[in-house]
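Remarks on the structure that follows.
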Amino acid sequence: MADAIDNASNLRGGTATGALAWILGVAIALVFLALFSTVDGGFLDLLATSVVFYYTFHLWPLILVPADLSASAAVFAPIAMLVLFWAGFRAALRAGANGGRDGFVRGAEVAVGYLGMVILSLPAFAISVDGSLLADPLVTAVIVGTTGLAFPLVFGGLGGWIAGR
């Protein structure tokens with residue numbers, strides 16, 4: 023019974039840390055856009071563009087864009103990786119991970135909160151991108167799967183693995 027309570031508590035902690043990681047990543051993207059770009063419209067447009075920009079931190083290997091844009095997007099990919107690595111590390115420390123394997127599992131739990139925020143952020147595409155990419159369900163599934171599952175499971179898990187060692 024105590025193990026079930028601990029597991030539920032750890033999952034809640036990982037979920038909260040994952041949601042916080044998404045918010046932190048979007049805030050970093052917002053700062054980059056505010057410093058180095060001009061976005062027409064008000065704060066809502068800037069925020070929506072920041073969310074879409076943060077999505078590209080995860081998607082650069084999948085997006086078919088001209089080489090110069092792909093290369094510039096690749097520069098930002100380590101930001102998402104580091105944010106998730108930190109989140110997984112933090113979640114595993116909070117859970118008191120015992121060993122690398124347990125740490126990886128605890129770190130990967132950030133995917134729950136991160137995925138939730140990814141799904142809640144999908145309307146930003148409609149605000150920011152003319153002719154939204156999300157009209158195609160397959161494209162939406164790839165975007166959500168890569169951004170909300172693959173990245174947080176791998177990089178959150180690796181952060182947790184390091185914390186558990």
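To get my numbering, take the position in the sequence shown, counting from 1, and add 22.
The beta-carbon is built from N, C-alpha and C at its ideal position, and this holds for glycine as well.
Closest in C-alpha terms to Phe177, from the list Leu55, Arg128 and Thr60, comes Arg128. With 16 or more other Cβ atoms from the protein chains shown falling within 10 Å of its own Cβ, Val73 counts as buried. When DSSP states are grouped into helix, strand and coil, Leu81 belongs to the helix group. Under the three-pair Cβ rule at 8 angstroms, the stretch 132–141 does not count as touching the stretch 61–69. Here Gly122 has Trp183, Gly186 and Arg187 as same chain residues with Cβ atoms under 6 angstroms from its own Cβ, once five neighbours each way along the sequence are excluded. Around the beta carbon of Asn120, fewer than 16 other beta carbons lie within 10 angstroms, which makes this residue exposed. The alpha carbon of Leu66 has as its nearest neighbour, out of Leu115, Leu171, Gly179 and Pro145, the alpha carbon of Pro145.
The shortest CA-to-CA distance from Phe126 to any of Thr39, Phe79, Gly179 and Thr162 is the one to Gly179.
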